Amino acid sequence: MNDDELWAAIDAQRLRTADLLATLAPADWSHRSLCDGWTVRDVAGHLTLQQMTIGDVLRLALKHPGAHSLNWMIRTSARDQAALPTEQLIEEIRGMVGSRRHNLGVTPRETLIDIVVHGQDLAIPIGRTLAVPPEVAATAAARVWECRGTRLSKVFKPVPYDGLRLVADDIDWTVGDGPELRGPVLSLLLLLTGRRVVLPQLDGPGAEALQRV
Numbered sequence: 000m001n002d003d004e005l006w007a008a009i010d011a012q013r014l015r016t017a018d019l020l021a022t023l024a025p026a027d028w029s030h031r032s033l034c035d036g037w038t039v040r041d042v043a044g045h046l047t048l049q050q051m052t053i054g055d056v057l058r059l060a061l062k063h064p065g066a067h068s069l070n071w072m073i074r075t076s077a078r079d080q081a082a083l084p085t086e087q088l089i090e091e092i093r094g095m096v097g098s099r100r101h102n103l104g105v106t107p108r109e110t111l112i113d114i115v116v117h118g119q120d121l122a123i124p125i126g127r128t129l130a131v132p133p134e135v136a137a138t139a140a141a142r143v144w145e146c147r148g149t150r151l152s153k154v155f156k157p158v159p160y161d162g163l164r165l166v167a168d169d170i171d172w173t174v175g176d177g178p179e180l181r182g183p184v185l186s187l188l189l190l191l192t193g194r195r196v197v198l199p200q201l202d203g204p205g206a207e208a209l210q211r212v
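Numbering (numbering that gives the first Met the number 0), first residue to last: 0 to 212.
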C-alpha cells in the first residue's frame with residue numbers, strides 16, 4: 000500500500016468503528032473486550048488517542064507520575080479517555096478521519112494496526128462484525144511480522160508462533176517456515192497480536208501445535 004491507500008484504509012476503519020460504536024447498547028460498553036482487563040469503553044477511549052503529540056505525552060506523564068512502562072501508560076491513558084461521554088468518544092474517533100497525524104514515535108502502519116486490531120477487540124466479544132478488507136489486514140499483519148523483537152512487539156501478549164508457516168486462505172500472504180497454520184488473514188493478524196481467541200478459525204498442523212501450548 001502507498002501512503003494514500005494506507006490513510007484511506009485507516010479512515011475507513013475509523014468510520015466503521017465509530018458507526019459500530021454508535022449502535023451499541025449501554026451494556027455493550029461495559030462488556031469485557033479481547034484486551035485483558037479492558038472493557039469495550041476502555042478500547043474506544045484508547046482509539047481516541049491516535050494523534051498524541053510530545054505535549055500530550057508530557058501532560059500524561061505529569062498527570063501520572065511514576066509511570067514505569069509503556070503498557071501501563073497505554074492502559075492508564077485509555078481509562079482516562081473512557082471516562083468521557085459516549086457520544087464524545089464516538090465523535091473523537093470519527094473526527095480524526097481525513098487527518099494524517101499520528102502518534103509520536105510510530106508510523107502510519109502502526110496506526111493501521113491499532114485501529115484494525117482494537118476494532119476487533121471491541122466487536123468480537125459482543126458478537127458484532129467489523130469488516131476489514133483482506134488487503135488491509137495483510138498490510139497490518141506484515142508490519143507486525145516485521146517488528147518482531149522490537150518495542151512494538153512488547154505491547155502484544157506473546158503467542159509461540161515462531162517456527163510456524165502462516166498462510167492466509169483469503170489473500171496471497173505467507174510468512175515464516177515450519178508446520179502450516181492456515182486461515183483468514185485477519186485471524187492471523189489477531190493471532191500475531193496475541194489474540195488466541197481466533198485459534199478455532201485456523202487449521203493445519205501449526206494450529207494443532209498451538210492448541211497444545
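Using N, Cα and C, we set each Cβ at its ideal position, and we do this for glycine too. Only a predicted model underlies this, so the values are computations on that prediction, with no experimental measurement involved.
Taking the straight line between their C-alpha atoms, what separation do you get for residue i and residue j?
i: R214; j: E91; result: Residue 214 cannot be examined here, being either before or after the span of the chain that is shown, 0 to 212.
i: D10; j: M95; result: 8 Å
i: L189; j: L121; result: 13 Å
i: I114; j: R13; result: 7 Å
i: R181; j: V143; result: 17 Å
i: W177; j: E207; result: Here the sequence assigns Gly to residue 177, which means Trp is not the residue at that position. Each residue's Cα considered, the two are about 13 Å apart.
i: R235; j: D27; result: Only positions 0 to 212 of the chain appear in the structure, and residue 235 is not among them; the question remains open.
i: G205; j: P84; result: 44 Å
i: T16; j: A8; result: 12 Å
i: Q87; j: T38; result: 17 Å
i: D41; j: T106; result: 23 Å
i: V212; j: K153; result: 20 Å
i: G104; j: I73; result: 14 Å
i: D161; j: G203; result: 15 Å
i: A82; j: T192; result: 26 Å
i: M0; j: R108; result: 10 Å
i: L129; j: L19; result: 8 Å
Report all residues from its chain with a CB closer than 6 Å to the CB of residue i; omit the five preceding and five following residues, and keep chain order.
i: L185; result: V131 and A136
i: D21; result: Residue identity differs from the one stated: residue 21 is Ala in this sequence, not Asp. So the qualifying residues of the chain are I89.
i: V174; result: W144 and L165
i: P183; result: D169
Counting along the chain, where does the beta strand (DSSP E) carrying residue i start and finish?
i: L165; result: R164 to A167
i: L180; result: E179 to G182
i: T38; result: Neither: T38 is in no beta strand (DSSP E) and is coded neither H nor E.
i: T173; result: T173 to G175
I'd like the list of long-range same chain contacts for residue i, defined as Cβ closer than 8 Å, with 5 residues on each side in sequence excluded.
i: D35; result: K156
i: S98; result: Q50
i: L228; result: The chain is shown only over 0 to 212; residue 228 falls outside these bounds and no answer can be derived.
i: S29; result: T38, V39 and R40
Please work out which residues of its chain come closer than 7 Å, Cβ to Cβ, to residue i, disregarding the five sequence neighbours upstream and downstream, and give them in chain order.
i: P199; result: none
i: P124; result: H30, R31, S32 and L33
Quick check on the DSSP output: the alpha helix (DSSP H) that includes residue i runs from which residue to which?
i: V105; result: From DSSP, V105 is part of no alpha helix (DSSP H); its letter is neither H nor E.
i: Q200; result: Segment: none, Q200 is in no alpha helix (DSSP H) and carries neither H nor E.
i: T16; result: D2 to L20
i: T85; result: T85 to G94
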